[in-house]
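Chains as they are written, first to last, in numbering that gives the first Met the number 0: chain R, 0 to 210; chain A, 0 to 210.
Think of the CB as a built atom: it goes at the ideal place given N, C-alpha and C, for glycine as much as any other residue.
Some notes on the structure that comes next.
There are 2 protein chains.
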Amino acid sequence: MPDNPQNTDRPKGAIRQENERIILSAAEDVFSEEGFRGASVGMIAERAGVPKPNVYYYFGSKEELYKRVLEDICAAWLDSAGEFDDAADPKAALTAYVSAKMDLARARPKGSRVWATEMTRGAEHLSAYLRDAVDPWVKAREATLMRWINAGKMAAVDPRAYIFMIWATTQHYADFEAQITHLNGGKPLSDSDFAAKKASVIAMVLAAAGL
Amino acid sequence: MPDNPQNTDRPKGAIRQENERIILSAAEDVFSEEGFRGASVGMIAERAGVPKPNVYYYFGSKEELYKRVLEDICAAWLDSAGEFDDAADPKAALTAYVSAKMDLARARPKGSRVWATEMTRGAEHLSAYLRDAVDPWVKAREATLMRWINAGKMAAVDPRAYIFMIWATTQHYADFEAQITHLNGGKPLSDSDFAAKKASVIAMVLAAAGL
DNA sequence: AGCAATCCTGACCGATGTGTCACTTTTCTG
DNA sequence: CAGAAAAGTGACACATCGGTCAGGATTGCT
Chain R
0 MPDNPQNTDR
10 PKGAIRQENE
20 RIILSAAEDV
30 FSEEGFRGAS
40 VGMIAERAGV
50 PKPNVYYYFG
60 SKEELYKRVL
70 EDICAAWLDS
80 AGEFDDAADP
90 KAALTAYVSA
100 KMDLARARPK
110 GSRVWATEMT
120 RGAEHLSAYL
130 RDAVDPWVKA
140 REATLMRWIN
150 AGKMAAVDPR
160 AYIFMIWATT
170 QHYADFEAQI
180 THLNGGKPLS
190 DSDFAAKKAS
200 VIAMVLAAAG
210 L
Chain A
0 MPDNPQNTDR
10 PKGAIRQENE
20 RIILSAAEDV
30 FSEEGFRGAS
40 VGMIAERAGV
50 PKPNVYYYFG
60 SKEELYKRVL
70 EDICAAWLDS
80 AGEFDDAADP
90 KAALTAYVSA
100 KMDLARARPK
110 GSRVWATEMT
120 RGAEHLSAYL
130 RDAVDPWVKA
140 REATLMRWIN
150 AGKMAAVDPR
160 AYIFMIWATT
170 QHYADFEAQI
180 THLNGGKPLS
190 DSDFAAKKAS
200 VIAMVLAAAG
210 L
């Protein structure tokens, strides 16, 4: 095996692409359960069905693998964040955003949990992203919410507290999936159960802002 | 040192009580950051300022220590749960409950994060507690909310989704403290900042239920 | 087919983790 | 004060971890 610490500079072949995908998926699983420090590369390799040195072949280190997983999650977060279109009216914009967030929670619960575990460790690996992407996004939406409030289009809420409520409530369905399942007689929410909860969340979030 | 696997059967002395308190507190810190598997007894011992074998002297194993930490957190959870008094009217009862939950999030953020990390691992260590304490509590409060809804005292919401919203929104201030701090210019919320957010959360949760 | 590049993997290394234990020191009690 | 109980702790055994590497196998290209 050639000495090449810059694994990411290698040309992409079909095998590489497939194996990276498999390993990243397994890593997301294991990191979501045990966090960065609690997850072992051995567990990830086993989950992915590859030998452990292969994980190092494709990713230079546990940390590099973790960063790649986080990047992917951040991209998904940004995707849903784009649904908060501030040219629309409050009800339409918030409905779309909460809807997208609920869909993301449903489609990517483990990603959400990786994000959550990184938060509990102080979010060191997310600090640049929070500063460069999340913070500006929050400030822009605060401004939008204030504009709507001042135009009398929605009730006067603390914009930031409102945004936190949206995040918390939607991500709860991913992050606390185990609790929700336990409280649902040990069964995960079915698609129709989830759709009903989604509708309820949208309604409540809108009502919280007088919409 | 005598061979006594039943450490918890020993009479409690002042030194023991103090050292257990210190170790439990340190354990809560470390478990909240790295979760069960990622936390090491060595880290906990260092955080507590005691030699590692002393941690084993007072607690039989890492797992026993973890269970003790969780028990303490569950007791706090039950404390705040008692504030949801179903003899009161909806507004008073919900205000009291959300207030208590916000206070708990503020006073015990690390406990909340231990709870959250145990959730991300599937909540195995909490399954009995969820079944025996949380599930009955949720069912009783669902019934209460339905009674209020049917009496026309509050808007028709999905009771369970509403309870999840309360949990999510209040615990968010603990679980995502790192994010909130990052988004607050790197400074933790001051007491007055937090009080304002608390008031906003209470208002929004009430509004979500038409109160 | 030959060769280069890529991929795979058993064995290995030093570091770190859980837990133990013999022994020492300190505290408590009669 | 003496002895028992409680508390403290350096050293240790074994397991697991992050990461490495030589060499074999497979793939891709001319």
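Exposure of A/Gly41 is indicated by the presence of fewer than 16 other C-beta atoms within 10 angstroms of its C-beta. Contact with chain A is absent for R/Glu19, since none of that chain's Cβ atoms lies less than 9 Å from the residue's Cβ. Residues are counted here when their Cβ sits less than 8 Å from a Cβ of chain R; for the stretch 48 to 74 of chain A the count is zero. The criterion of a C-beta distance shorter than 9 Å is satisfied by R/Arg105 and R/Tyr172. DSSP places A/Ala87 in the coil class of the three-state scheme, outside both helix and strand. With 16 or more neighbouring CB atoms inside 10 Å of its own CB, A/Ala38 falls in the buried class. For R/Met153, the CB contacts under 6 Å within the same chain, skipping 5 residues up- and downstream, are Pro89, Trp147, Ala208, Gly209 and Leu210 in chain order. Across the structure, R/Val113 and R/Val29 are spaced so that their CA atoms are roughly 9 Å apart. Taking 7 Å as the upper bound on Cβ-Cβ separation, chain R lies near no residue of the stretch 138 to 151 of chain A. Setting aside the 5 residues that flank it on each side, R/Gly121 has no residue in the same chain whose C-beta is closer than 7 Å to its C-beta.
Per the coordinates, the alpha-carbon of A/Val68 lies some 18 Å from the alpha-carbon of A/Val133.
The residues Pro158, in chain order, have a CB closer than 6 Å to that of A/Leu144 in the same chain once the five nearest residues on each side in sequence are set aside. C-alpha of R/Glu82 to C-alpha of R/Ala99: approximately 7 Å in a straight line. For R/Leu64, the enclosing alpha helix (DSSP H) stretches over residues Lys61 to Ala80. Secondary structure of A/Phe58 (DSSP, three-state): coil.
Ranked by Cα distance from R/Arg130, the first of A/Leu182, A/Glu45, A/Gly110 and A/Lys196 is A/Leu182. Counting along the chain, R/Leu144 sits inside the alpha helix (DSSP H) bounded by residues Asp134 to Asn149. Here A/Ala47 is actually not in contact with A/Ile72; their C-beta atoms are around 18 Å apart, not less than 8 Å.
Boundaries of the alpha helix (DSSP H) around R/Phe163: Pro158 to Asp174.
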